[in-house]
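Trainee: Below are the structure tokens for one structure; questions will follow.
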Amino acid sequence: PNIGLINSLSVYAKCNNFGFLETPYRKVVDGRVTDEVEYLSAIEEVGTVIAQADSAMDKDGNLTEEFVSVRHQGDFVRIPPEKVTHMDVSAQQVVSVAASLIPFLEHDDANRALMGSNMQRQAVPTLIADKPLVGTGMEANVAHDSGVCVIAQRGGRIEFVDASRVVIRVNEDEMIAGGAGVDIYNLIKYTRSNQNTCINQKVLVNLGDKVGRGDVLADGPSTDGGELALGQNMRVAFMTWNGYNYEDSILLSERVLQEDRLTSIHIQELSCVARDTKLGAEEITADIPNVGEAALSKLDESGIVYIGAEVTAGDILVGKVTPKGETQLTPEEKLLRAIFGEKAADVKDSSLRVPSGTKGTVIDVQVFTRDGLEKDERAQAIEKAQLDAYRKDLKEEFKIFEEAARERVIRLLNGQESNGGGTTKRGDKLSEDVLSGLELVDLLEIQPVDEAIAERLTQIQVFLKEKSFEIDEKFAEKKRKLSTGDELTTGVLKVVKVYLAVKRRIQPGDKMAGRHGNKGVVSNILPVEDMPHDANGVPVDIVLNPLGVPSRMNVGQILETHLGMAAKGLGDQIDKMMKEQRTVLELRDFLDKIYNKVGGEQEDLDSLTDEEILKLSGNLRAGVPLATPVFDGAEEGQIKELLQLAGLSSTGQTVLYDGRTGERFDRPVTVGYMYMLKLNHLVDDKMHARSTGSYSLVTQQPLGGKAQF
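Numbering (my numbering), first residue to last: 1155 to 1863.
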């Protein structure tokens, strides 16, 4: 069984040609840190003297301390700078990717950090992704490398975009000779993942946008604007509330439910198999004995449910009948059979029904038929729809290639002298006006005087011919694949798979967690008006128990809450300035204070135009995202400065009022924004009850657990 040990590579580590892990270090020569980076394996590291990434240096890179804290022969010692040979490239390179996503990791106990990094793997993608206000700066890299986003392979201009595809006209300098200069990216829509969650990609770019190589074109599940977004930014208060957060329980506001902030879509795959039995073949049909009209209302003539049907527990998805053995008939039944010629009673209903406790919408149906059997109407309809969609795709693809080719031909011929051919005469000077009125076929017949350009035109013609042939081949191959039967296991005649999309809102019993191993179960969902609120009447979203912090020693969550409050407060200030229509100069000044006065990396805001400053401010209205990297993060003083800049109390605490009585609570309460995840341990999947069910063969006792039910 699984004991929860997972080995991950640390940040920046890689595998070398010999299969050993190695990690990068900066070289240090005579106490001066160079920009040369060297990868060392554990074997090569023996005998080196490695300084930490945050060692004090002057602007020329000389180590300034009299004794530097280093790692040498597996021990931590202090050594004069001259003897140092290497230095870590980053403070983050000692942690794994999962741990590098936890802000203020240095303030968390190791056991809780382990829980935090493991629980991030269990986060369910929410309906609306929301990137964290307080991150570590690794979010974009992780999302980019995770493979769920669509990344541009070559730079260019967005030529066409809709919900299911993005087409890019590639830049001239990145084109391959004779190539199309068009890249087409098809997006994944509403597909099931192995965890039964929903994989869906959403476009980020607009028509006419310029994109570079490596840019994110579309978000995948749990990404927002090309950044990893596993959960939601929630307004939390650390206080007890009538025992509803006893033992790590979590009290939620109904507003979270109304805004669908912690709602996820789950896709279930249900399959129905028709086998060849000893008594005869099972049949998938809508003609089921002893079933009323109402139960068959969602099935088509083949006995398979329509796409888009909303089904609840017990509804028939696929009608199936199984032959049953000859039974001894009473004389009355024999008489009835003789009169009406009934054979229907020889089969029993074995249809696929929606399992108990499930309701959802049918989003897809797939029918697999054994080779050699005739396909039913539904299978033929699905096959035809797939072929039509594929043909349309290929046609559009070719049209895009033709358009691109036409533009290139016009660019090549513009200003050239014609040698006849097509609709032109010998010696004609070709202008863009004349050329743009011609079709592609006529353009390619023109023979320019310039040999090189004639050669290029031939290349384009050859390319288009090849592409057309390739597209015909693709279509023929797809048709062949669809029309041949499927290879099913022996004895199986037909398999029907039905995909149900289920919307799951957060409810009491669901497990939630922060990024610091602070997990809990939702105990109650209160009306918004009963939640504690501040003097301005802003209610909190979540009430967490303060007693869960000291004994667990994960204080990072408190610092995250304070910094989150500052981030949100700064966003509110920017929002207020924009609503009051302040000048761009004032906005620029305020942004400069945030980015360049508090410390951290300096941003060159002067290089931005006024329009860009306004656009940036618009993006920051919901909150200013702050990165606090592991071991190199925000310090207490900086958090206080940011809180003051946002016009909030530098203690990070607020006076709260009871939503039910309106009385103020005795003590100020820590209120702020924390990033909370909804984990894949939902009460719907765990809740289980039985009256009768399966029994053990030997002991005849009921089998335990939901899985066997």
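Glycine included, each C-beta is placed from N, C-alpha and C at the ideal position. Everything numeric in this text was worked out from a predicted model, so none of it was measured.
(1) Mind reading off the beta-carbon distance from Val1182 to His1240? Whole number of angstroms is fine, and I expect it under 8 Å.
(2) Only counting the same chain, and skipping five residues up and downstream in sequence, which positions put a Cβ closer than 8 Å to that of Arg1818?
(3) When burial is assigned at 16 or more other CB atoms within 10 Å of the CB, is Gly1847 buried or exposed?
(4) Compare the Cα-Cα distances from Glu1180 to each of Gln1206, Gln1355 and Gly1374 and report the closest residue.
(5) Taking the straight line between their C-alpha atoms, what separation do you get for Val1390 and Asp1820?
(6) Have a look at Val1278, Ser1195 and Gly1801 and flag the residue whose alpha-carbon is nearest the alpha-carbon of Ala1721.
(7) Do you know offhand how far Arg1311's Cα is from Ile1330's?
(8) Report the option in Asp1184, Ile1160, Asp1189 and Ser1195 whose CA atom is closest to the CA atom of Thr1177.
(9) What does the alpha-carbon distance come out to for the pair Met1388 and Ala1776?
(10) Let me know the secondary structure DSSP gives Ala1897 once reduced to three states.
(11) Rounded to a whole number of angstroms, what is the C-alpha to C-alpha distance between Leu1382 and Ser1300?
(12) State the DSSP-derived secondary structure class of Ser1223, mapped to helix, strand or coil.
(13) Quick check on Leu1611: does DSSP put it in helix, strand or coil?
(14) Use the C-beta contact count for Gln1735: other C-beta atoms within 10 angstroms, 16 or more gives buried, fewer gives exposed.
(15) Would you call Met1841 buried or exposed, if buried means 16 or more other Cβ atoms sit within 10 Å of its Cβ?
(16) Short check: CB of Ala1467 to CB of Val1519, under 7 Å?
(17) What three-state label does DSSP hand Thr1715 in the structure shown?
(18) Do you know whose CA, among Val1676, Glu1627, Gly1791 and Asn1690, lies nearest Asn1399's CA?
(19) Counting pairs of beta carbons, one from the region 1779 to 1790 and one from the region 1650 to 1664, are three or more of them closer than 8 Å?
(20) Please tell me whether Leu1741 and Ala1277 are closer than 7 Å, where the distance is taken between their beta carbons.
(21) Three-state secondary structure (DSSP) at His1298?
(22) With DSSP run on the structure shown, which of helix, strand or coil describes Ala1861?
(23) Would you call the CB atoms of Lys1130 and Asp1378 closer than 7 Å?
(24) Between Ala1449, Ala1463 and His1420, which lies nearest to Gln1473 when the distance is taken from Cα to Cα?
(25) Counting only runs that start and end within the region 1421 to 1498, where is the alpha helix (DSSP H) found for 4 or more residues in a row?
(26) Under three-state DSSP, which class holds Gly1514?
(27) Hey, quick one: how far does the alpha helix (DSSP H) through Gln1412 stretch, first residue to last?
(28) Which class does Gly1310 belong to by DSSP, given the choice of helix, strand or coil?
(29) Give me the residue from Val1200, Trp1395, Thr1218 and Leu1598 with the minimum Cα distance to Ser1572.
(30) Quick check on Lys1583: does DSSP put it in helix, strand or coil?
(31) Taking DSSP as the reference, what is the three-state secondary structure of His1261?
(32) My output table needs one value for Met1732: the three-state DSSP class, helix, strand or coil.
(33) When the distance is taken between beta carbons, is Val1501 closer than 7 Å to Ala1463?
(34) Can you give the beta carbon distance from Val1357 to Val1320, rounded, assuming they're within the 8 Å contact cut?
(35) By alpha-carbon positions, which one of Thr1290, Phe1221, Leu1341 and Val1475 ends up nearest to Val1251?
(36) Compare the C-alpha of His1670 against each of Val1248, Ile1160 and Arg1266 and name the closest.
Mentor: Per the coordinate set shown:
(1) Start at 1 with the first residue of the sequence shown, and residue 1182 comes out as number 28. Start at 1 with the first residue of the sequence shown, and residue 1240 comes out as number 86. Yes, Val1182 and His1240 are in contact; Cβ-Cβ is about 6 Å, under 8 Å.
(2) Sequence index remark: in the sequence shown, residue 1818 carries index 664 (1-based). These residues qualify, in order along the chain: Val1809, Leu1810, Tyr1811 and Asp1812.
(3) What you label residue 1847 is simply residue 693 of the sequence shown in a count that begins at 1. Result: exposed.
(4) In the sequence shown, residue 1180 corresponds to position 26, counting from 1. The question names Glu, but residue 1180 is Arg in the sequence shown. It is Gln1206.
(5) As a first step, residue 1390 is located in the sequence shown; it is residue number 236 there, counting from the start. As a first step, residue 1820 is located in the sequence shown; it is residue number 666 there, counting from the start. Straight-line Cα distance between these residues: approximately 18 Å.
(6) Counting from 1 along the sequence shown, the entry for residue 1721 is found at position 567. Among Val1278, Ser1195 and Gly1801, the Cα nearest to that of Ala1721 belongs to Gly1801.
(7) The residue labelled residue 1311 in the question sits at position 157 within the sequence shown. The residue labelled residue 1330 in the question sits at position 176 within the sequence shown. The straight-line gap from Cα to Cα measures roughly 16 Å.
(8) Sequence index remark: in the sequence shown, residue 1177 carries index 23 (1-based). Closest option to Thr1177, Cα to Cα, is Ser1195.
(9) Here residue 1388 refers to the residue found at position 234 when the sequence shown is read from its first residue. Here residue 1776 refers to the residue found at position 622 when the sequence shown is read from its first residue. In a straight line, the C-alpha of Met1388 is about 12 Å away from that of Ala1776.
(10) The structure shown does not extend to residue 1897, since the chain spans only 1155 to 1863, so no value can be given for it.
(11) Taking the first residue of the sequence shown as 1, we reach residue 1382 at position 228. Taking the first residue of the sequence shown as 1, we reach residue 1300 at position 146. Leu1382 and Ser1300: Cα-Cα distance of roughly 9 Å.
(12) As a position in the sequence shown, residue 1223 is number 69, starting the count at 1. Correct three-state label for Ser1223: strand.
(13) For the purposes of this step, residue 1611 is identified with residue 457 of the sequence shown, where counting begins at 1. Helix, per DSSP.
(14) One-based indexing of the sequence shown puts residue 1735 at position 581. Gln1735 should be labelled exposed.
(15) Here residue 1841 refers to the residue found at position 687 of the sequence shown. Under this definition Met1841 is an exposed residue.
(16) If you number the sequence shown from 1, residue 1467 lands on position 313. If you number the sequence shown from 1, residue 1519 lands on position 365. No, the pair does not count as a contact, with Cβ atoms beyond the cut-off.
(17) For the purposes of this step, residue 1715 is taken as the residue at position 561 of the sequence shown. Three-state result, Thr1715: helix.
(18) On the sequence shown, position 245 is the one that residue 1399 refers to. Closest option to Asn1399, Cα to Cα, is Val1676.
(19) no
(20) One-based indexing of the sequence shown puts residue 1741 at position 587. One-based indexing of the sequence shown puts residue 1277 at position 123. No, the Cβ-Cβ distance between Leu1741 and Ala1277 is not below 7 Å.
(21) Stepping through the sequence shown from its first residue, residue 1298 is reached at position 144. Helix.
(22) For the purposes of this step, residue 1861 is identified with residue 707 of the sequence shown, where counting begins at 1. Ala1861 falls in the coil class under three-state DSSP.
(23) Residue 1130 lies beyond the range of the chain shown here (1155 to 1863); nothing can be said about it.
(24) Position 319 of the sequence shown, counted from the start, is the residue given in the question as residue 1473. The amino acid occupying residue 1473 in the given sequence is Gly; Gln does not appear at that position. Comparing Cα positions, the closest option is Ala1449.
(25) 1485 to 1494
(26) Your numbering for residue 1514 matches position 360 in the sequence shown. Strand at Gly1514.
(27) One-based indexing of the sequence shown puts residue 1412 at position 258. Counting along the chain, the alpha helix (DSSP H) containing Gln1412 begins and ends at Glu1408 to Gln1412.
(28) Within the sequence shown, residue 1310 is the residue found at index 156, counting from 1. Note: Gly1310 maps to strand in three-state DSSP.
(29) Translated into positions along the sequence shown, residue 1572 becomes position 418. With distances taken between Cα atoms, Ser1572 lies closest to Leu1598.
(30) One-based indexing of the sequence shown puts residue 1583 at position 429. Note: Lys1583 maps to strand in three-state DSSP.
(31) Translated into the one-based positions of the sequence shown, residue 1261 becomes position 107. If DSSP states are grouped into helix, strand and coil, His1261 belongs with the helices.
(32) Numbered from its first residue, the sequence shown carries residue 1732 at position 578. The answer is helix: DSSP assigns Met1732 an H, G or I state.
(33) For this step, residue 1463 is matched to residue 309 along the sequence shown. For this step, residue 1501 is matched to residue 347 along the sequence shown. No.
(34) Residue numbering aside, residue 1357 sits at position 203 when the sequence shown is read from its first letter. Residue numbering aside, residue 1320 sits at position 166 when the sequence shown is read from its first letter. Indeed they touch by this definition, with Cβ atoms about 6 Å apart.
(35) Taking the first residue of the sequence shown as 1, we reach residue 1251 at position 97. Checked all of Thr1290, Phe1221, Leu1341 and Val1475; the closest Cα to Val1251 is Thr1290.
(36) To locate residue 1670, count along the sequence shown from 1; it is residue 516. Among Val1248, Ile1160 and Arg1266, the Cα nearest to that of His1670 belongs to Arg1266.
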